[in-house]
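These notes are about the structure you will find just below.
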Ligand code: AMP
Ligand code: MG
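Numbering (my numbering), first residue to last: 103 to 436.
So this is what it looks like as structure tokens:
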């Protein structure tokens, strides 16, 4: 299949919307990462998403809307007070909410769950596309399963060339990490995935919010060294990432780097001095993470030693992604 990469002008968006209506896939920019979209209400259109990504079919998709009324067609009950408050505060924006699923939503979208994930993105191209298609668009991130999420059309092309008919190029994504997924179906709101809207921002609006155990998983159990297994690896470059925490982290990172076999690199969030060693430094702890993970592959890096970041604000989302990219390989250097 030929994959067309088009600047996201009105004509291209109209053609993309037509493809969506016909049941085809289109990759499009959002404020978080690029999405791989299909008509969320067309059961026949959904399996192609899982195929193109190589995504396990038990991992549900997020349905994207571009006006408030579209929510009604996707969910089965009127949103509760918690949901209404966060929607008022953060929609359109990088917040996905979990609701009880309406009967129009195909099982393939929700992986058979009785809940549905819904987001109202703020990116103008995403909004125009959804409105022009006239239907909610189900979309996971537009990467091959297991790879870092794409934050540019070029990243999408790396993963999806030949697999989908069209990529809308809207430039680099602003947030650079996926949306926060917040479950509002239970008694207490719960973050299932940290992202563009932080825990602190949510708590200002709805009070205390739980963070699901899976968010940092093994970090909290104080994982000493090794990973529990490759099945948790995600967002990962080809090279092996090791996160080093604790007071002597930077000294230990330098030592590991010097002992490494093969090309090594350091992923730094602090301004620690690593001399002439090869350092990839992230000042803004979020937006560039995925493109740096992809750059490790381009640069042929085999071993990556990463600092950790404090868990406040976007730090929780950054560590959630980094832990998975490292397959939970964490060393404490006290
Ligand atoms: P991605 O599409 O790659 O951004 O991933 C979507 C995320 O939303 C995944 O982590 C899914 O597991 C999660 N998700 C989607 N639908 C649901 C749902 N009904 N309940 C819980 N999590 C969901
Ligand atoms: Mg994804």
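All C-beta atoms in this analysis are idealised placements derived from N, C-alpha and C, irrespective of residue type, glycine included. Quick caveat: nothing in here was measured; it's all calculated off a predicted structure.
Pull up the distance between the alpha-carbon of residue 113 and that of residue 278, whole angstroms please.
Taking the chain shown and counting its residues from 1, one reaches residue 113 at position 11. Taking the chain shown and counting its residues from 1, one reaches residue 278 at position 176. Residue 113 and residue 278: Cα-Cα distance of roughly 26 Å.
Does DSSP put residue 317 in a helix, in a strand, or in coil?
Numbered from its first residue, the chain shown carries residue 317 at position 215. Note: residue 317 maps to helix in three-state DSSP.
Once the 5 residues before and after residue 237 are set aside, which same chain residues still bring their CB inside 8 Å of it?
Position 135 of the chain shown, counting from 1, holds the residue named residue 237. Cβ neighbours of residue 237 beyond the five flanking positions: 122, 123, 141, 142, 143, 144.
Report yes if the C-beta distance between residue 241 and residue 337 is below 8 Å; otherwise report no.
Along the chain shown, one-based indexing puts residue 241 at 139. Along the chain shown, one-based indexing puts residue 337 at 235. Against a cut-off of 8 Å, the Cβ pair of residue 337 and residue 241 comes out as no contact.
In whole angstroms, what separates the C-alpha of residue 158 from that of residue 152?
For the purposes of this step, residue 158 is taken as residue 56 along the chain shown, with counting starting at 1. For the purposes of this step, residue 152 is taken as residue 50 along the chain shown, with counting starting at 1. Residue 158 and residue 152: Cα-Cα distance of roughly 7 Å.
Residue range of the unbroken alpha helix (DSSP H) whose run includes residue 132
To locate residue 132, count along the chain shown from 1; it is residue 30. Element bounds for residue 132: n/a, residue is neither H nor E.
In chain order, which continuous runs of the beta strand (DSSP E) of length 3 or greater are located wholly inside the stretch 362–390?
366–370, 381–383
Contact under 8 Å by Cβ, residue 298 with residue 184:
For the purposes of this step, residue 298 is taken as residue 196 along the chain shown, with counting starting at 1. For the purposes of this step, residue 184 is taken as residue 82 along the chain shown, with counting starting at 1. Going by C-beta atoms, residue 298 is not nearer than 8 Å to residue 184.
Determine the direct distance from the alpha carbon of residue 266 to that of residue 318, and round the result to whole angstroms.
Stepping through the chain shown from its first residue, residue 318 is reached at position 216. Stepping through the chain shown from its first residue, residue 266 is reached at position 164. Each residue's alpha carbon lies about 33 Å from the other.
Which partner residues does residue 137 have in the DSSP bridge list?
In the chain shown, residue 137 corresponds to position 35, counting from 1. Answer is 130, 243, bridged to residue 137.
8 Å contact criterion, which residue 203 and residue 218 should meet: CB distance rounded:
On the chain shown, position 101 is the one that residue 203 refers to. On the chain shown, position 116 is the one that residue 218 refers to. So it is a contact: roughly 4 Å between Cβ atoms.
Secondary structure, alpha helix (DSSP H): runs of 4+ residues fully inside the stretch 134–210:
149–155, 183–192
Taking all protein chains shown into account, do 16 or more other C-beta atoms lie within 10 angstroms of the C-beta of residue 87, making it buried, or fewer, making it exposed?
In the structure displayed, the chain extends from 103 to 436; residue 87 sits before or after that span and is not available.
Residue 321 to residue 430, Cα distance in whole Å?
Numbered from 1 along the chain shown, position 219 holds the residue referred to as residue 321. Numbered from 1 along the chain shown, position 328 holds the residue referred to as residue 430. Residue placement at residue 321 is flagged as unreliable, the pLDDT there being 47, under the threshold of 50; a coordinate-derived value is accordingly withheld.
Beta-carbon spacing of residue 381, residue 370 below 8 Å:
Indexing the chain shown from 1 puts residue 381 at position 279. Indexing the chain shown from 1 puts residue 370 at position 268. Contact: yes.
Residues near ligand 2, CB to any non-hydrogen atom under 7 Å, in chain order?
242, 243, 245, 251, 280
Alpha carbon to alpha carbon, what distance is there between residue 111 and residue 315?
If you number the chain shown from 1, residue 315 lands on position 213. If you number the chain shown from 1, residue 111 lands on position 9. Taking the straight line from one Cα to the other gives about 42 Å.
Return the residue from the list 192, 434, 115, 211 that minimises the CA-CA distance to residue 271.
Stepping through the chain shown from its first residue, residue 271 is reached at position 169. Taking residue 271 as reference, the option from 192, 434, 115, 211 with the minimal CA-CA separation is 115.
State the start and end residues of the unbroken beta strand (DSSP E) segment that holds residue 249.
Your numbering for residue 249 matches position 147 in the chain shown. Per DSSP, residue 249 belongs to no beta strand (DSSP E) and is neither H nor E.
May I ask which residues mark the beginning and end of the beta strand (DSSP E) holding residue 103?
The count along the chain shown starts at 1 and reaches residue 103 at position 1. Taken as a continuous stretch (DSSP letters only), residue 103 belongs to no beta strand (DSSP E), as it is neither H nor E.
DSSP state of residue 302, grouped into three classes?
Residue mapping note: residue 302 aligns to position 200 of the chain shown, counting from 1. Residue 302: helix per DSSP, three-state reduction.
Work out the CA separation of residue 288 and residue 276 for me, nearest whole Å.
By one-based count along the chain shown, residue 276 stands at place 174. By one-based count along the chain shown, residue 288 stands at place 186. Cα to Cα, residue 276 sits roughly 31 Å from residue 288.
Tell me whether residue 396 sits in a helix, a strand or coil according to DSSP, three-state version.
For the purposes of this step, residue 396 is taken as residue 294 along the chain shown, with counting starting at 1. Three-state result, residue 396: helix.
Residue 350 to residue 374 span [Cα, whole Å]
For the purposes of this step, residue 350 is taken as residue 248 along the chain shown, with counting starting at 1. For the purposes of this step, residue 374 is taken as residue 272 along the chain shown, with counting starting at 1. Inter-residue distance for residue 350 and residue 374 is about 11 Å (C-alpha atoms, whole angstroms).
Is residue 343 closer than 8 Å to residue 313 when the C-beta atoms are compared?
For this step, residue 313 is matched to residue 211 along the chain shown. For this step, residue 343 is matched to residue 241 along the chain shown. No.
Residue from 307, 283, 109, 354 with nearest C-alpha to residue 410
Residue 410 sits at position 308 when you count from the first residue of the chain shown. Answer by Cα proximity: 354.
Since residue 262 is in the alpha helix (DSSP H), which residue starts that stretch and which ends it?
Here residue 262 corresponds to residue number 160 of the chain shown, with the count starting at 1. Residue 262 -> alpha helix (DSSP H) spans 255–262.
Return yes when the C-beta of residue 311 is under 7 Å from any heavy atom of ligand 1, and no when it is not.
Indexing the chain shown from 1 puts residue 311 at position 209. Outside the cutoff, so no.
List the whole-angstrom C-beta distance separating residue 302 from residue 415, where the pair is believed to meet the contact cut-off of C-beta under 8 Å.
Here residue 302 corresponds to residue number 200 of the chain shown, with the count starting at 1. Here residue 415 corresponds to residue number 313 of the chain shown, with the count starting at 1. Rounded, the Cβ-Cβ distance is 6 Å, consistent with contact.
Ordered along the chain, which non-local residues of its own chain (more than five positions away) have a Cβ less than 8 Å from that of residue 436?
Numbered from 1 along the chain shown, position 334 holds the residue referred to as residue 436. Same-chain partners within the cutoff: 348, 349, 350.
In terms of alpha-carbon separation, which member of 286, 396, 154, 169 lies closest to residue 340?
Reading the chain shown from its first residue, position 238 is the one you call residue 340. Out of 286, 396, 154, 169, 396 has the C-alpha closest to the C-alpha of residue 340.
On the three-state DSSP scale, how would you describe residue 308?
Locating residue 308 in the chain shown gives position 206, counting from the first residue. Helix at residue 308.
Measuring only from the beta carbon, is residue 198 closer than 7 Å to any heavy atom that is part of ligand 1?
As a working mapping, residue 198 is identified with position 96 in the chain shown. Within the cutoff, so yes.
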